[in-house]
Amino acid sequence: MSSANSTSLSSFHWRDFIHPLVAGLISVIVNYGGTFILVFQAAKVAGLSPELTASWVWSVSIGVGVTGLILSWVYREPIITAWSTPAAAFLVTALATTSHAEAVGAYLVSAAVFVILGISGWFERVIRLIPACVAAALLAGILLQFGIKAFGGMSVDPMLAGLLIIAYVVFKRASARYAVVGILLLGLAFLLVAGRIDLSGMALRVASPVFTAPVFSLNALLSVALPLFLITLTGQYMPGMLVLRNDGFKTSANPILTVTGLGSLLMAPFGSHAFNIAAITAAICTGREAHEDPAKRWIAGIVAGICYILVGVFGVTLAAVFMAFPATFITTLAGLALLGTIAGSLATAMADARTREAALITFIASAANITLLGIGGAFWGLAIGLVAYTALHGRLPQQVVNAAMVPIPANKLVK
123 MSSANSTSLS SFHWRDFIHP LVAGLISVIV NYGGTFILVF QAAKVAGLSP
173 ELTASWVWSV SIGVGVTGLI LSWVYREPII TAWSTPAAAF LVTALATTSH
223 AEAVGAYLVS AAVFVILGIS GWFERVIRLI PACVAAALLA GILLQFGIKA
273 FGGMSVDPML AGLLIIAYVV FKRASARYAV VGILLLGLAF LLVAGRIDLS
323 GMALRVASPV FTAPVFSLNA LLSVALPLFL ITLTGQYMPG MLVLRNDGFK
373 TSANPILTVT GLGSLLMAPF GSHAFNIAAI TAAICTGREA HEDPAKRWIA
423 GIVAGICYIL VGVFGVTLAA VFMAFPATFI TTLAGLALLG TIAGSLATAM
473 ADARTREAAL ITFIASAANI TLLGIGGAFW GLAIGLVAYT ALHGRLPQQV
523 VNAAMVPIPA NKLVK
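Sequential numbering from 123 applies to the sequence shown in this note's numbering.
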């Protein structure tokens with residue numbers, strides 16, 4: 123572990139914990155409030171019982187929490203993990219024709235391939251091939267829709283969205299460091315006073331994991347395992363690693379793939395489909411909003427991991443709490459929290475006039491969120507950007523190619 127990212131807890135002042143704590147909490151709220159409904163939809167399509175659904179919530183939440191906590195602690199970087207959102211969306215249709223036992227078998231196969239990919243080191247070499255301007259433009263394009271939704275909420279819920287936007291600007295003027303903290307607390311207070319969150323019917327219940335023996339079939343391998351692997355690799359791992367790189371964090375992709383793959387392997391028999399490094403919610407924790415000092419942002423990963431574990435312990439109950447927040451609150455909060463990252467990514471992407479056009483093409487292609495052959499916008503935005511960069515400049519930067527060709531020592535594969 124390098125000295126640059128080995129900041130110990132003893133070097134923290136109590137104020138240093140506020141921003142990463144809030145960043146970690148917001149990333150968890152956005153994840154559950156924004157995308158977890160897909161898990162419930164997939165469970166309904168599959169005809170799962172309440173017990174099996176609760177086990178799915180337990181396994182994916184505990185797995186995400188433990189892997190993110192371990193990676194953030196070991197590498198002292200905000201390595202946020204999450205369930206595969208595009209994979210959950212895919213499962214909404216795929217589970218209609220696949221039994222639960224066969225799906226579990228497919229989850230195991232997909233997870234095993236991720237472990238092999240992490241140990242081999244090939245994915246890290248691919249990441250090194252991507253020019254910095256293309257990576258920054260890709261991230262800015264992916265995040266743009268979240269910034270737009272923050273202001274688009276004015277059409278749906280003008281009072282709530284307007285309050286958060288105005289408060290954000292006022293807090294930025296008064297104390298930029300506490301702007302995101304301020305809008306989170308103000309928004310929650312407004313929702314509680316206005317009676318917009320109904321928690322009266324909720325009671326804490328400890329989740330009970332249910333083991334399902336896997337069944338392996340060629341049909342599930344081709345129709346679930348293979349798409350699950352490709353969708354998670356291109357839609358989660360690729361942009362997730364670029365989020366880390368964009369904010370200056372250097373942890374290799376190899377241990378991240380290996381640890382999350384092993385976690386998915388262990389949790390698959392209890393219903394977890396796949397978890398991986400986060401992309402959108404990670405950006406909330408890796409940027410300056412989480413802390414001015416990058417060496418102290420890893421606390422956000424610890425906080426997020428603990429929150430996920432707590433949700434997992436209490437299963438569906440706490441997930442339902444997060445999902446009780448109005449959609450406008452989630453989208454506006456996420457978009458405002460990501461404004462700094464969007465601005466920084468755009469500045470990096472457009473900094474060099476020589477590569478500006480390739481970066482612009484990447485940005486627009488990523489923002490378009492193209493979906494072809496079942497593969498999402500992050501992959502196509504990156505592919506178009508790399509083609510544009512190569513066509514305009516003849517080749518990838520030589521130093522990037524040389525770095526990618528350097529063999530990765532075996533003892534670095536699990537660093």
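For each residue, glycine too, the CB sits at the ideal point set by N, CA and C.
- For Asn398 and Ser277, the gap between their C-alpha atoms comes out near 34 Å.
- Its Cα nearest to that of Tyr511, the residue Cys255 stands out among Val315, Cys255, Leu308.
- Residue pairing for Phe397: DSSP places it in a beta bridge opposite Trp205.
- Per DSSP, the unbroken alpha helix (DSSP H) holding Gln267 starts and ends at 254 to 278.
- If you compare the alpha carbons of Thr215, Gly457, Leu468, Thr403 with that of Ile287, the shortest gap goes to Gly457.
- Within a 10 Å sphere around the beta-carbon of Gly304 sit 16 or more other beta-carbons, which makes this residue buried.
- The beta carbons of Arg419 and Gly462 sit no closer together than 7 Å.
- Counting C-beta pairs with one atom in each stretch, the stretch 444 to 454 and the stretch 266 to 276 have three or more that are closer than 8 Å, which means they touch.
- Taking Val332 as the centre and dropping the five residues before and after it, the same chain places the C-beta of Glu173, Leu174, Ser177 closer than 6 Å to its C-beta, in chain order.
- For Leu460, the three-state secondary structure derived from DSSP is coil.
- Assigned with DSSP and collapsed to three states, Leu170 falls in coil, not helix or strand.
- Residue nearest to Ile483 within the set Leu193, Ala168, Leu260 is Leu260 (criterion: CA-CA distance).
- Per DSSP, the continuous alpha helix (DSSP H) segment holding Met363 begins and ends at 360 to 368.
- In summary, Pro280 is exposed, with fewer than 16 beta-carbon neighbours lying within 10 Å of its beta-carbon over all protein chains present.
- The alpha-carbon separation between Pro200 and Ala422 amounts to approximately 6 Å.
- Annotated three-state conformation of Pro142 is helix, per DSSP.
- In its chain, beyond the 5 residues on either side, Tyr290, Phe293, Lys294 have a beta carbon closer than 7 Å to the beta carbon of Ala301.
- Spatial neighbours of Leu384 in its own chain (CB-CB distance under 7 Å, excluding positions within 5 residues in sequence) are listed in chain order as Val237.
- Residue state for Met472 is assigned as coil, using DSSP reduced to three classes.
- The beta strand (DSSP E) runs lying completely inside the stretch 375 to 419 and spanning 3 residues or more are 397 to 399, given in chain order.
- Taking all protein chains in view, the Cβ of Arg327 is surrounded by fewer than 16 other Cβ atoms within 10 Å, so the residue is classified as exposed.
- If you check the CB distance, Gly169 and Ala342 do not come in under 7 Å.
- Around Ala218, the same chain offers Val167 as residues with beta carbons nearer than 6 Å, after the five sequence neighbours per side are excluded.
- When secondary structure is reduced to three states using DSSP, Pro349 falls in the helix class.
- Looking at the backbone, the Cα of Gly284 and that of Gly146 are separated by about 24 Å.
- Taking the CA atoms as reference points, Gly499 sits about 21 Å from Ser149.
- Using a Cβ distance threshold of 7 Å, Gly269 and Ile486 do not count as a contacting pair.
- The DSSP-derived three-state label of Ala465 is helix.
- Look at the beta carbons and you see the stretch 190 to 209 touching the stretch 371 to 391: at least three pairs across the two are nearer than 8 Å.
- If you check the CB distance, Leu213 and Ala164 come in under 7 Å.
- Here DSSP, grouped into helix, strand and coil, assigns Phe236 to helix.
- Per DSSP, reduced to three states, the secondary structure at Thr219 is helical.
- Shown here, Leu314 sits in a helix according to DSSP, grouped into three states.
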